[in-house]
Every structure is written in C-alpha cells, then in structure tokens.
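Take a look at the structure below.
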Amino acid sequence: MAETDDIRRQITDLCSSQKLAVLCTHRESQPYASLVAFVTSKDLRYLYFITPKTTRKFKNIEANPQISVLVNSSENLESDFHRAMAVTIIGNAAEVLGRNREGPIKRYLEMHPYLEDFAKSPTCALVQVKVKSYFLVRNFQNVMELHIHE
Amino acid sequence: MRLVLPASEISHRHRRKVGGKALALSRLLESGITIPDTLCVTGDAYQAYVSQTGLRERIALELHRKEFSQMRWEEIWDCATRIRSLFLRKPIPLPIASDLRSAFSSRFSGKAVAVRSSALDEDGSAASFAGLHESFVNIRGGESILKHVHLVWASLWSDAALLYRQEIGLSVEKSAMAVVVQELIAGERSGVAFTRNPNAASQGVVESVHGLNQGLVDGIVEPDRWILDRRTREIISHTPAQRKYWMVPDKDGVHKAPLPLEVSQHPPLKQKEVQTVFDTAMQAEEFFGAPQDVEWTVRDDVTYLLQSRAVTTLQSEDGDDNRGWYLSLHRSFDNLKVLRHRIEKELIPAMIREADRLSKLDLSVLSDQDLAEEVKRRWEINHKWVNIYWEEFIPFAHGIRLFGQYYNDAVQPDDSYEFIDLLSDTQMVSVKRNQMLEELADIIRNDIGLSEKLRGSGQIDETSVFNIKVERFIREYGDLSCSVTGGTQCLHAKEPLVNILLEMATHPSLPTARRRLQRTAKLKEAFFRRFDEAQRAQAADVLDLARASYQLRDDDNIYLGRIEAQLLAAIQAARHRLSDLKQEKRPAGDARILADILAELDHPDSPKTIEVNSTGHPLEIKPRQIVGQPAGPGIARGSARVIHEHLDLAEFQHGDILVCDAVDPNMTFVVPLAAAVVERRGGMLIHGAIIAREYGLPCVTGIPDATTLVRTGDEVTVDGYLGIVTVGSGEI
Chain A
1414 MAETDDIRRQ ITDLCSSQKL AVLCTHRESQ PYASLVAFVT SKDLRYLYFI TPKTTRKFKN
1474 IEANPQISVL VNSSENLESD FHRAMAVTII GNAAEVLGRN REGPIKRYLE MHPYLEDFAK
1534 SPTCALVQVK VKSYFLVRNF QNVMELHIHE
Chain B
146 MRLVLPASEI SHRHRRKVGG KALALSRLLE SGITIPDTLC VTGDAYQAYV SQTGLRERIA
206 LELHRKEFSQ MRWEEIWDCA TRIRSLFLRK PIPLPIASDL RSAFSSRFSG KAVAVRSSAL
266 DEDGSAASFA GLHESFVNIR GGESILKHVH LVWASLWSDA ALLYRQEIGL SVEKSAMAVV
326 VQELIAGERS GVAFTRNPNA ASQGVVESVH GLNQGLVDGI VEPDRWILDR RTREIISHTP
386 AQRKYWMVPD KDGVHKAPLP LEVSQHPPLK QKEVQTVFDT AMQAEEFFGA PQDVEWTVRD
446 DVTYLLQSRA VTTLQSEDGD DNRGWYLSLH RSFDNLKVLR HRIEKELIPA MIREADRLSK
506 LDLSVLSDQD LAEEVKRRWE INHKWVNIYW EEFIPFAHGI RLFGQYYNDA VQPDDSYEFI
566 DLLSDTQMVS VKRNQMLEEL ADIIRNDIGL SEKLRGSGQI DETSVFNIKV ERFIREYGDL
626 SCSVTGGTQC LHAKEPLVNI LLEMATHPSL PTARRRLQRT AKLKEAFFRR FDEAQRAQAA
686 DVLDLARASY QLRDDDNIYL GRIEAQLLAA IQAARHRLSD LKQEKRPAGD ARILADILAE
746 LDHPDSPKTI EVNSTGHPLE IKPRQIVGQP AGPGIARGSA RVIHEHLDLA EFQHGDILVC
806 DAVDPNMTFV VPLAAAVVER RGGMLIHGAI IAREYGLPCV TGIPDATTLV RTGDEVTVDG
866 YLGIVTVGSG EI
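In order, the protein sequences belong to chains A and B. Position one of the first sequence corresponds to residue 1414 (the working numbering), numbered consecutively onward. Position one of the second sequence corresponds to residue 146 (the working numbering), numbered consecutively onward.
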C-alpha cells in the first residue's frame, strides 16, 4: 500500500503543479496533439479541460472518445533529463452537460481563474476524461502504472 | 574567467574558484612559509569543461538512475566507474586544453609536478576532507599534466566522494573541482604533522619517512613517529619504524623500493629537525587560527609545506556507518598480492580440508549430546569462515576494481565493463560444475530409455555410467537438494539433481563457448598494445591479479557453501531426531539438548514466507519499466521465475527469466537454463552478474523490490545494455 500511496501522491503532485497538458485525439487514423489547460479530480478518477466546440480536438473526441493526455514538469532545461517527471494518462472523454458541470467548473477555475470567460462561454464544452490508467515516468526511464478499476 | 592562477595571485576572493587546498597554499606563501612553485587550475576550468561537453547532465543522469538511499556500496562504485569513464571518453575542448597546456609548459617546462585535487563547493567545507579525491605525483610535461588534471576532475565523483556526498555537500549543479599543480620537491625526508594530536589535545604529532611521503600517506611505508608537547614544543616520545622501504620517483609516478641499509639505520629526522618541522606546522596553525594537518618535505635542509588543512576526521553520527569499512576495501596492488598468496596457498586449501573432514563424520552414530556439540562446533567453524570471508576474501575482490580502473584509463572503452571480458575465461568452479551438469543432461538426451525411466520410477541402474557420473557429481558438489531447499530439506537424495537434469535434457545442449574467446583475445592484444615494453610486465601483473580475484569471487562462495552444507546437515540430523521423538519413534534421551541448541542457533524450522502483492484494490500499481544497473549486455524476453525461496528453483524452466533478491553462488546451476538474470542486489561484480556474463546472458542488477514487483509468470524483457527491465507486453 505504501507504494500505491507514493505513486498516487507523486501523480497528484505532478498534475496539480502543471497548468497545461498535451491532449492526443484521433480521427480516421490521424492522431492529433494539442495543448489544453486542465485539472484532475482529487481522487484522480477524472481529468477535465475546456475547449471550444468548433475545434478539431472536440470533433475528434465526438468521433473517438478514447484519448491520451501527457502532463510533464520539464522546463526546457538540460537538467530536465534527470529531474523532470511525466505522466501519460489514458481514458475516455465526454462532454459534461447541465448541472453536473458546476463542481468541475469550480475546481477548474480555482486552478485557472484567468479562464473564467472562456470556461463560461456557451460555445465551449467542459470535457470530462474518465481515467483508466496513469503511466508515471521518473528518473528518465522508470515507469510505474496506476490503473483505476471500476 | 581565469582558468589558471599562480599561488602568488590567489586571494580570499578566489576561495570559491580555487578550493581550500590552493587557498591555504597561497596563504602559507604570503606568511613567508616555503612552498613548492604552485599553479591552480580554477573551478571555472572544470565548469567550462562539463558545460561545453554536456557532461554535467550526463553525470546527473547517472546519479539519478535510482535513489541513493537504495544503492549498495557496490552500485556506488559502479556509478563512480561509469562517471570516470564518461570523463575519460570526453576530451577537453581544444581552447581550454591549449590554454591549460601552455600554462603548464611555460611554468614548469620539463620539471616533475604533483597534481592534486582542491575540491570546492558553496561553503568551502569540502576542502578539509582528505582522501576522497585523487592526486598524482611525478608527472612531467604539459600534455601529461593536462591528462592528470582531467583525472582529478573525474575524481570529484569518486566512490568515496559519493559515499560522503552529504558531508561534503556534493551536488551536480554547484560542486566543481579546482586542481593544484605543484612542482615536485624530491625531498630526502618527508612526512606529515598534526599540530594537535587527534587523541590528546595538549600534544602534537610528527611522522616521517625517508624519501617521498606518498608511501606514508597511502599507508605503504611505516613512519617514525614523534609526540611533542604543544606548549613547550619538546619531544615527549619517539616511536621508531622498521624502515624497510621508501618511495622513489620512477618514469611516470613513484614506486616502493627497499631502503638502502645505511639510510635505514637512522631516523629520517634528527631531534632538532623534528622541532623545526613542528615549528613550521605551528606557524601555519597560528596563521590559520586552527590546528592544522600538514604534509611536508625536506630537501637540502629547506622545509617545504606541501599542503595544510584543518584537522578533521570524517565521522558520521550514524552508529551503523560502514563507510569506513567500504573504503578500506580499496587496496594497493602490493597489499592484494600478499592477500592473494594467503588466500590461494593457505585459506582455500584449509577450507577444502575442513569441509572434507566434516563430511567424513557419520552423524547418525553420534549420541544426542554429541550431536548437539557437533552442531555447535560446526556453527562455530562456519562462523569463523564467514568472518574470514568478510575480512580477507571480500577485500581481495578489489583486485577486479583495480584492474577495471587500470584498463579503463589505458583503453578508454565505450563499455566501462569491457574489462570483465578479459577476466571471464577463467575456470570458475561453478562453471565447471555446470559443465558437468551439461554432460549428465547430454547422457539423458541421447538415451530415451534412461529418460523414460527417470521420469517414471526414478530408479537408476547402480552400475550405469550415468549413475557413476551422478555420484561423482554429488561427491564433488553435493546433490543440490540443500541448494534447492535453502538447507531446510537436505534430502541426500538424487531427485532434485535428476529433476534439473531432466529439464536441461528437454532442450538442445547449450553452447558452451558462448564466451567469445576470440573477442577476448583481441581485447587483450589491444590492451597490451597501449603499453611500452617496460610497462607491459606491470599491466600483465595487474591483469593476472584481477583474474585470480575474479575467479575467487565465485569460488570462495562455493567452498564456503560446502562448509555451510555440513552445518546444515548436522542441523538437519538434529531436526530429524526431534521429529522422530515427536512421533514416538525413539526414546527421549538427551533430546532436550538438541532442541536447546537449535533454539540457540535460531535456525528457522521452515523457510520464510514472502508477502506477495495483493491485487483487487480499486487502485492497482504495476511496474512497467524498472531501471537498475546494466550488468551484462544483451536483450531477452521470457517468463519470469521469481525465486522467493530456494524451493522455487526446482520449478525453473528453460528460457525463464531468473528474478531474485540475490543470486547465491550455490544456486547458479539454474543460470545456464535462464534467458536472462534480474537481481535486486546491485553491482557489476556480484555473483549473478559474473555468472550471467560468463554465459553471455543479459543481466540487470539493482532493481529495487525486484521480487515483489515482478511475479512469476509475468512477461519480462531484460535490456542488459541500458539496465532496464520491462514488465508486460505494453498492451493498453
């Protein structure tokens, strides 16, 4: 259990230390990477981001809900190679509608207060990713997996 | 940015660039004390080198492979070896090199110099710790001085420095190495002086040898010793040495030579000279305002101070600290040669005799009382040999390291463990044993009738060649049942051996010459080509010593295992008697004594049970890539066989990946069946790594929690080049 707690804590710390993540979607065998402002739920079961509905990423998600997200702490420095951590997240994405939006939007805006107008725009969708697994990379090559079971 | 500063131009403001040693020398010079002509290569030169070559991040990556707290000393040594190789293989960029070279040439022209470390860090505390970094003596010419400055830079990351990293505040970002280049004064008498005796505050100490003081500093030459009163500066006592040797300069360095008789008859210093040396040292103490530890030499009646530092000793608050012991494993070539003689000529034959003597005793005829005494006696014998193992055999393994550094310095190979290939065509006992196993398996392969018989009734024809050979094997190496059961069930039966043989026989015979002998010959040739004729004999000696050291690294455990097996046999006999008693098969007799002795030795009645990860929790942790140390090149994939207890060995199948806490030399018989070896214990020179390299198997060591993270049956890929173990197929 100590190991589980340790990995979970490191993932939580990494995700809460980063504002941006790389989102990977795909459509018709074409992968597509984009940058999103994100937040995870406290229990790590969900990840949220907001996107205008007119974007490629949103259309991709509508067509294929399986997505992947990369969060990392690199700073574009040489020391990143031994210091930076990264976590690859996989899961299923879907737009959150109605009153279910309230909690996640509040958490999202605590992390990104400057995005209030963006978050509340009727042209934007709040996307919830139900996380299946985290793949945590530390010390350049160490990889541990955290799987979330139903 | 100044790459070089003469001692006369160094002032306090340079402290962070020149380190404690260079700063102290400049201060001594300023106070009127005679020092040799001295240049300091500043920390800026080191910083420029590691920045321009990208080495800084390479070092950081090496140091962050895994948590330091999880590294064994051997892994730290490996880490230091790899870093040293990184330095050697990364030339100093031309502009830096040519500036330094011309500074050395113009200052010293053809004169011999000493090249010494002067480590620096943010608060300057590292300056006072001796022996963590390298120094070289009797170096001549701009190019050679530059080469040795390079080696001193590398020694910022020596194993000793890594062990004491917290005390000296070692950090990749901040630490740097300055180097003192100092004219070598070929003193007639030399030594050290402590202005305050570490053991008695009112006293001072002067130690002296004839010739250069390298022998004294390295502990090779015994010094005369004087104790003085700090206040009156009078001599309190003089302890003369045996005065057999001195250190003299030779072509490139110094060597130990017999001291001429007429010189040996006199102490190196007269009473008055002892006081002169002590006065000079006290002058340094007054100047620095703290007790000093100085190195000095006398030439033509002039006393030179070679260095001065505050008296400190490296002590840890942790009572469990073994670092001093680890560092004591660094042995000189001469010391190792003596050790080798003792081990090969005295200790190993005595171990063999001991095991033979014990095996001849029939335990079944002993009374309970006698058996209890025999158990205790064997425990003591085993204990004695275990102590000898730690005190003599383990230090002897340093012969491998000595050669490793020698080879890497000379050849500068891409693979810093290439040198092991020159050692690995020795005939290790475990390899001979495995060859014998292979021969037995071959008989089964070619005899279907025998194979069926063994699988069926297990009966073997007493007079058959197979049986004769099996019995010969058991006579020489035991029946493997002790190995398979960890000594808990020494069956004295052939089944465990036969099971292993049957498994081996179901697969084609293993190529015995996987060790690329041709390649070894080529490497050896290339190694010797690096030396001129005069140096070649020395290179051959170092190689020869390392080969003995390497071979012993495994053999000693086999011999120790034989003695332990005799202890286990007695314990087993005692247990049988107690169990017979429980089943009322025999009268009580002195059984109590047997129970008492077993309890006293606290030998476990049953193998330890190991906790295995539980799954089913909503959050499940799984390893994917675990980084350890690359210990045998190659890549292999297979099903993991995790050895929690020796019994698991009996299940071992051809092509399995051996995953264990530590390969015990008495269980290496399954290695030829394995596709790769993964071990929790780290290091290049541990048994698992050596035996894997012997069979050309990929090997990764130092995988934290290897036996709990990996489960038997997991698909595992072992990358022996990068030191990575990948679990699972990667499917999402």
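By construction, the Cβ of each residue, glycine as well, lies at the ideal position given by its N, Cα and C atoms. These numbers come from a predicted model, not from an experiment.
With 16 or more other Cβ atoms inside 10 Å of its own Cβ, B/ARG546 counts as buried. The beta strand (DSSP E) runs of length 3 or more contained entirely in the stretch 678-718 of chain B do not exist; there are none.
Secondary-structure assignment with DSSP links A/ALA1507 through a beta bridge to A/GLN1541. Among the CB atoms of chain B, none fall inside 8 Å of the CB of A/HIS1439. When B/TYR840, B/LEU208, B/ARG261 and B/ARG229 are compared, the shortest CA-CA separation from B/THR187 is found for B/ARG261. B/VAL615 carries a helical assignment under DSSP once its states are collapsed to helix, strand and coil. Counting only Cβ-Cβ distances below 8 Å, B/ILE780 has no contacts in chain A at all, with the closest Cβ about 15 Å away. The beta carbons of B/GLY349 and B/SER335 sit no closer together than 8 Å.
Counting only runs that start and end inside the stretch 413-453 of chain B, the beta strand (DSSP E) elements of at least 3 residues fall at 437-444. For the set B/VAL531, B/PHE814, B/ARG590 and B/VAL258, the Cα lying nearest the Cα of B/PRO653 is the one of B/ARG590. One Cα belongs to B/VAL422, the other to B/ALA193, and the distance between them is close to 39 Å. Judged by DSSP in its simplified three-state form, B/MET146 adopts coil rather than helix or strand. Rounded to whole angstroms, B/ARG681 and B/SER569 show a C-alpha spacing of 21 Å.
Rounded to the nearest angstrom, the Cβ distance from B/GLU328 to B/PRO181 is 4 Å, consistent with a contact under 8 Å. Counting the other Cβ atoms within 10 Å of the Cβ of B/MET146 gives fewer than 16, which makes it exposed. Think of a sphere of 7 Å around the beta carbon of B/LEU764: the chain A residues whose beta carbon falls inside it are THR1417, ARG1421, LEU1559 and ILE1561, in chain order. Counting C-beta pairs closer than 8 Å gives fewer than three between the stretch 364-372 of chain B and the stretch 437-449 of chain B, which falls short of the contact rule. Closest option to B/LYS401, judged by alpha-carbon separation, among B/ILE155, B/ARG388 and B/PRO412: B/ARG388. Taking a cut-off of 8 Å for Cβ pairs, the stretch 709-729 of chain B and the stretch 514-522 of chain B touch, as three or more such pairs fall below it. An exposed status is given to B/SER382, since fewer than 16 other beta-carbon atoms sit within 10 Å of its beta-carbon. Between the stretch 801-821 of chain B and the stretch 858-876 of chain B, the count of Cβ pairs shorter than 8 Å is three or higher; the stretches touch. A distance below 6 Å between beta-carbons, with the five flanking residues on each side excluded, links A/THR1453 to the following residues of its chain, in chain order: CYS1428 and LEU1460.
Only exposed fits B/VAL510, as fewer than 16 other CB atoms lie within 10 angstroms of its CB. Here the stretch 245-262 of chain B makes contact with the stretch 276-290 of chain B; the two share three or more CB pairs at distances below 8 Å. B/ARG722 carries a helical assignment under DSSP once its states are collapsed to helix, strand and coil.
Its chain contains LEU481, LEU690, ALA691 and SER694 as the residues whose beta carbon lies nearer than 6 Å to that of B/GLY544, once the 5 sequence neighbours on both sides are disregarded; these appear in chain order. Within the DSSP secondary-structure output, B/GLN580 pairs in no beta bridge.
Between A/PHE1553 and chain B, the shortest Cβ-Cβ separation is below 8 Å. In this structure, DSSP gives B/ASN342 an extended state, which the three-state scheme calls strand. Using a Cβ-Cβ distance cut-off of 8 Å, the stretch 1532-1539 of chain A and the stretch 1495-1505 of chain A are not in contact, since fewer than three pairs of beta carbons, one from each stretch, lie closer than that value.
Scanning chain A for C-beta atoms nearer than 9 Å to the C-beta of B/ALA205 yields GLU1491, SER1492, PHE1494, HIS1495 and ARG1496, reported in chain order. Residues SER654 of the same chain have their beta carbon placed closer than 7 Å to that of B/ASP587, with the five preceding and five following residues left out of the count.
Counting C-beta pairs closer than 8 Å gives three or more between the stretch 1438-1450 of chain A and the stretch 1460-1473 of chain A, which meets the contact rule.
Within chain A, not a single residue places a beta-carbon under 9 Å from that of B/VAL350; the smallest gap is close to 44 Å.
Contact check for B/LEU668 against B/ASP554 fails: the beta carbons are separated by 8 Å or more. Under the Cβ criterion of 8 Å, A/ILE1503 is counted among the residues facing chain B.
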